[in-house]
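Counting along the sequence shown from 1, when you hit position 94 you're at 93 in numbering that gives the first Met the number 0, and nothing is skipped either side.
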Amino acid sequence: MFDACLYFNTAALARRLERLWAEAFAPFDLTPPQAFMLRALLREPGQLQGQLAKGMAISRPTATRALDGLEAKGLVTRSPSSADGRETVLHPTPEAERLRSALDEASGLVTAQLRAVLSDATFDTTVGQIRTVRQALD
């Protein structure tokens, strides 16, 4: 009935992907948003919260909620920015550093599963097209 509906198809896809990533990150007691955020901070420590939110294409309040969870788990520290008092600087903790390779491996396994089901070419094309649509709508 909604075969040509962008909302219906992307929402259904998002729900399915959410389940896959939730399963992958469950052993770490992390939600997919928390795990991706932590992986971003592990790759680039010292980001400002606003920078991180923008890079992840989420709102600052959404970033704050995810960071609250990561901080409560002892995986992220926050400190005031010396350059801008309205901003917070984010750093992964040593505990987060210990999870880095396992998080990357879990993520890589999901990506490999998706590539096996879709083919590398379809996976790459689909991700690129979705990114293009998302950016066009920003």
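The beta carbon of each residue, even a glycine, is placed where N, CA and C say it ideally should be.
Q: At 4 residues or longer, and completely inside the segment 55-86: list those alpha helix (DSSP H) runs for me, N to C.
A: 59-71
(Q) Quick check on DSSP: helix, strand or coil for Leu-19? (A) Start at 1 with the first residue of the sequence shown, and residue 19 comes out as number 20. In this structure, Leu-19 counts as helix in the three-state DSSP scheme.
(Q) Contact defined as beta carbons within less than 8 Å: I believe Leu-74 pairs with Leu-37. What is the distance between those atoms, to the nearest angstrom? (A) Position 75 of the sequence shown, counted from the start, is the residue given in the question as residue 74. Position 38 of the sequence shown, counted from the start, is the residue given in the question as residue 37. Between Leu-37 and Leu-74 the Cβ distance is about 6 Å, and since that is below 8 Å, they are a contact.
Q: Answer yes or no: do Arg-99 and Leu-40 have a C-beta to C-beta separation smaller than 7 Å?
A: Taking the sequence shown and counting its residues from 1, the one referred to as residue 99 is at position 100. Taking the sequence shown and counting its residues from 1, the one referred to as residue 40 is at position 41. In this structure, Leu-40 does not lie closer than 7 Å to Arg-99 by Cβ.
Q. What is the DSSP secondary structure of Pro-26, reduced to helix, strand or coil?
A. Translated into positions along the sequence shown, residue 26 becomes position 27. If DSSP states are grouped into helix, strand and coil, Pro-26 belongs with the helices.
Q) Are Leu-89 and Arg-77 close, meaning C-beta to C-beta below 7 Å? A) For this step, residue 89 is matched to residue 90 along the sequence shown. For this step, residue 77 is matched to residue 78 along the sequence shown. Yes, they are a contact pair.
Q | Straight-line gap, Asn-8 to Ala-115 (C-alpha atoms, nearest Å) | A | Counting from one through the sequence shown, the residue named residue 8 turns up at place 9. Counting from one through the sequence shown, the residue named residue 115 turns up at place 116. Cα to Cα, the separation comes out at about 21 Å.
Q: Taking Pro-79 and Thr-87 to be in contact with their CB atoms under 8 Å, please state how far apart those CB atoms are, rounded to whole angstroms.
A: Your numbering for residue 79 matches position 80 in the sequence shown. Your numbering for residue 87 matches position 88 in the sequence shown. Pro-79 to Thr-87, Cβ: 6 Å. Contact.
**Q.** Spatial distance of Phe-27 from Leu-66 (CA atoms)
**A.** As a position in the sequence shown, residue 27 is number 28, starting the count at 1. As a position in the sequence shown, residue 66 is number 67, starting the count at 1. For Phe-27 and Leu-66, the distance between alpha carbons rounds to 15 Å.
**Q.** Ala-62 to Val-126 span [Cα, whole Å]
**A.** As a first step, residue 62 must be located in the sequence shown, where it is residue number 63. As a first step, residue 126 must be located in the sequence shown, where it is residue number 127. Near 23 Å, if we compare the C-alpha coordinates of Val-126 and Ala-62.
Q. Distance, Cα to Cα, Gly-49 vs Arg-59?
A. As a first step, residue 49 must be located in the sequence shown, where it is residue number 50. As a first step, residue 59 must be located in the sequence shown, where it is residue number 60. Straight-line Cα distance between these residues: approximately 6 Å.
Q. On the premise that Leu-102 lies in contact with Ala-34, defined as a C-beta separation below 8 Å, what is that separation, rounded to the nearest angstrom?
A. Stepping through the sequence shown from its first residue, residue 34 is reached at position 35. Stepping through the sequence shown from its first residue, residue 102 is reached at position 103. Confirmed, Cβ separation roughly 6 Å.
Q) Where does Pro-91 sit, in a helix, a strand or coil, going by DSSP? A) As a position in the sequence shown, residue 91 is number 92, starting the count at 1. The answer is strand: DSSP assigns Pro-91 an E or B state.
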